[in-house]
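Report on the following structure.
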Ligand SMILES: Cc1ncc(COP(=O)(O)O)c(C=O)c1O
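Residue numbers (this note's numbering), protein chains in the order written: chain A, 294 to 551; chain B, 219 to 614.
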């Protein structure tokens, strides 16, 4: 496998900033502008959220952005239209993140083919279980050169982390604490101990920490333990501020990384 | 054809455990231990005593003479409405709370639609001295107020679900999110044969006492364990699963699952999943699901809070696709008509959910010698304000 994720992690092992946003939010056609603006501000990796009506792993912020995006008319078909020519404009690694049902209805084969044509690098489907992926879809993902990214949590047993590592290619999404998205309780001693435990396991895939990363301090703290960190809800909130997308994105990213 | 769950957690192509990694350890712990714990003699002894002395089992199998005369067939009602707390739901909550205790859990969460499962959960938590949090859609909190009051009286915290259609689906989402946020001390008592494996199988096993008793009771009354029809309403499908369970492999017994048609199957306001749904994933299981072409879950509708759900359990999806069960449906109006009919013919006020099962009696066209068992899943106390309003008794 050789895609933009591999290149990114080969070139940069520390302080990677990854940002999640919900496609179709705040407005239906903001997708391209948000991606390009994030890249201009030095974001290393972008997760494009495919909105779902019943986002089980998400807290209120992403629930709300998903509901707005769906109301705005976002669908997987629409998103692929918007991204059709994105690779003429940017080479930033792009990962699609969403729930299984809309992808299943679109058709997994068709989804893989289309994502690969566009130049998508990876996919996160939190409710697609590992063994189901391995049995039914792994071959398809590899054929289309798409990294499949799995989550681990502080409760994931060591043996399962090893299994996930062996089936992953790209990075491992380390959920910071037992939580839905958007909690900002900070990375306590339990989280830190888990980060250290995973770091000591010497996995083949780099780890990126997500969930609850919301400001400069939590970003820096997460980066001490992994290749980088993912910001989702806090960024989605920033997009709702008064003012232009450009200004909001710029000031948010600067607040994380100045 | 097998109608039982296979070792991978599937009924045909339906079922499985499509859960995010955050839930994996909890669901896996349950999967590894549920059968072993349920088979322990100590567990069974405790369960059987509670079912008998606390719930009041066996529930009677009542021959309904005037209903039988009206439809010119032999109608029996399985009286789950006479259970403690007023519905079949407690068969499952007693079982699961005993399991939760054996797994060392201290905090119990549940979702509820009609409030019957919430009340049954709050009840067993009071009995066991466990903390109890029940998620309930805002719309349902309004339309099932008596059950909200009972839950509070029992010491449960009732948390409103305010997203989506503010009904059962949304309450289930919130309960799952709670479980993600509290993975260590919390046990989720799911109220129907839905959710990730092993829940559908576990809940069906706890409800299977219904058909186990029907067999013995019918043998005594009719000289046969096998009726011609077993009829039950289907929300998620737990009372139906319990009533069907010991008849799944008896091909002469027709299994009739009745869904809520709401204002009519084609009205856009319905919960008839077998007709309106397609293969999809909801609440951790692959099943039939009402959804848009883009895979977004659509908002169901039924006057009955317990049937107002856009999916059915994976067992029922399999019974539908394999044609082992026949799926019928009843509208709001037909269900309400059936409520009044049972009340006036037999002196029994049924729950709105159960009334959907009663409402198909005429369409069954059963023969005079046929035995029809209808699972009367619950009593109508919680629905009285709806009934008073609909039948204008509040104006007299
Ligand atoms: C009396 C009664 N019957 C039926 C149902 C529907 O649930 P299920 O299909 O799981 O039996 C409910 C749910 O709340 C109920 O309260």
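Note that CB positions come from ideal geometry on N, CA and C, so glycine has one too. Remember, it's a predicted structure, so these values are computed and weren't measured experimentally.
Exercise. Put residue 484 (chain A) into one of helix, strand or coil per three-state DSSP.
Key: helix
Self-check item: Boundaries of the alpha helix (DSSP H) in which residue 545 (chain B) is found, first to last residue
Solution: Careful: residue 545 (chain B) lies outside any alpha helix (DSSP H), inside the beta strand (DSSP E) at 543 to 549.
Quiz prompt | ligand 1 heavy atom lying under 7 Å from the CB of residue 302 (chain B) | solution = no
Quiz item: Taking three-plus beta-carbon pairs below 8 Å as touching, is the region 310 to 320 of chain A in contact with the region 484 to 495 of chain A?
Solution: no
Quiz item: Exposed or buried, residue 335 (chain A), counting other C-beta atoms within 10 Å across all chains shown (16 or more means buried)?
Solution: exposed
Self-check item: Complete runs of the beta strand (DSSP E) confined to the region 421 to 478 of chain A [at least 3 residues]
Solution: 465 to 468
Practice problem: Could you spell out the range, first to last residue, of the beta strand (DSSP E) harbouring residue 497 (chain B)? | Solution: 496 to 500
Practice problem: Quick one: using the 10 Å Cβ neighbour count with 16 as the cut-off for buried, is residue 315 (chain B) buried or exposed? | Solution: buried
Quiz item: Are the C-beta atoms of residue 459 (chain A) and some chain B residue less than 8 Å apart?
Solution: no
Practice problem: Tell me whether the beta-carbon of residue 550 (chain B) lies closer than 8 Å to the beta-carbon of residue 481 (chain B). | Solution: yes
Quiz item: Buried or exposed: which applies to residue 340 (chain A), given that a residue is buried once 16 or more other Cβ atoms fall within 10 Å of its Cβ?
Solution: buried
Self-check item: chain A contact for residue 422 (chain B) (CB, 8 Å cutoff)
Solution: no
Quiz item: Which parts of the region 234 to 310 of chain B are runs of the alpha helix (DSSP H), unbroken and 4 residues or longer, counting only runs that do not cross its ends?
Solution: 242 to 257, 259 to 267, 283 to 289
Quiz prompt | residue 571 (chain B) CB to nearest heavy atom of ligand 1 below 7 Å | solution = yes
Quiz prompt | Neighbour flag for residue 410 (chain B) against chain A, beta carbons, 8 Å | solution = no
Quiz item: Can you tell which of B:308, B:237, B:303, B:246 has its C-alpha closest to the C-alpha of residue 181 (chain B)?
Solution: Absent from the structure is residue 181 (chain B), since the part of chain B shown begins at 219 and ends at 614.
Quiz item: Using a C-beta cutoff of 8 Å, does residue 498 (chain A) count as contacting chain B?
Solution: no
Self-check item: Cross-chain neighbours of residue 399 (chain A) in chain B, by beta carbon under 8 Å
Solution: 512, 513
Quiz item: Is residue 275 (chain B) buried or exposed, if buried means 16 or more other CB atoms sit within 10 Å of its CB?
Solution: buried
Quiz item: In the DSSP assignment, what residue or residues form a beta bridge with residue 399 (chain B)?
Solution: According to DSSP, which records beta bridges pairwise, residue 399 (chain B) is partnered with nothing at all.
Quiz item: What distance in whole Å lies between the Cβ atoms of residue 475 (chain B) and residue 450 (chain B), which are believed to be in contact at a cut-off of 8 Å?
Solution: 6 Å
Quiz item: Quick one: is the Cβ of residue 488 (chain B) within less than 7 Å of any heavy atom of ligand 1?
Solution: no
Self-check item: For residue 517 (chain B), three-class secondary structure by DSSP
Solution: coil
Quiz item: Should residue 279 (chain B) and residue 432 (chain B) be called a contact, given that it needs their Cβ atoms to be closer than 8 Å?
Solution: yes
Quiz item: Name the DSSP bridge partner or partners of residue 568 (chain B)?
Solution: B:597
Quiz item: If residue 453 (chain B) sits next to residue 560 (chain B), beta carbons under 8 Å apart, how far is it from one beta carbon to the other, in whole angstroms?
Solution: Incorrect: roughly 19 Å between the Cβ atoms, too far for contact.
Quiz item: Do you know whose CA, among B:301, B:570, B:257, B:377, lies nearest residue 182 (chain B)'s CA?
Solution: Coverage of chain B is limited to positions 219 through 614, which leaves residue 182 (chain B) absent and any answer about it impossible.
Self-check item: Contact between the region 530 to 540 of chain B and the region 376 to 383 of chain A (3+ Cβ pairs under 8 Å)
Solution: no
Quiz item: Which first and last residues belong to the alpha helix (DSSP H) in which residue 345 (chain A) is found?
Solution: Note, residue 345 (chain A): premise wrong, no alpha helix (DSSP H); not H, not E.
Quiz item: Should residue 236 (chain B) be flagged as near chain A, meaning a C-beta pair shorter than 8 Å?
Solution: yes
Quiz prompt | Nearest-angstrom beta carbon gap, residue 463 (chain A) and residue 298 (chain A) [assumed within contact, 8 Å] | solution = 5 Å
Quiz item: Since residue 440 (chain A) meets chain B, which of its residues come closer than 9 Å, beta carbon to beta carbon?
Solution: Those do not exist, as residue 440 (chain A) stays about 17 Å from chain B at its closest Cβ, beyond 9 Å.
Quiz item: What residues in the region 463 to 487 of chain A have a beta carbon less than 8 Å from any beta carbon of chain B?
Solution: 468, 471, 472, 473, 476
Quiz item: Of all Cβ atoms in chain A, is any one closer than 8 Å to the Cβ of residue 259 (chain B)?
Solution: no
Self-check item: Sub-8 Å separation of residue 331 (chain B) and residue 414 (chain B) beta-carbons
Solution: no
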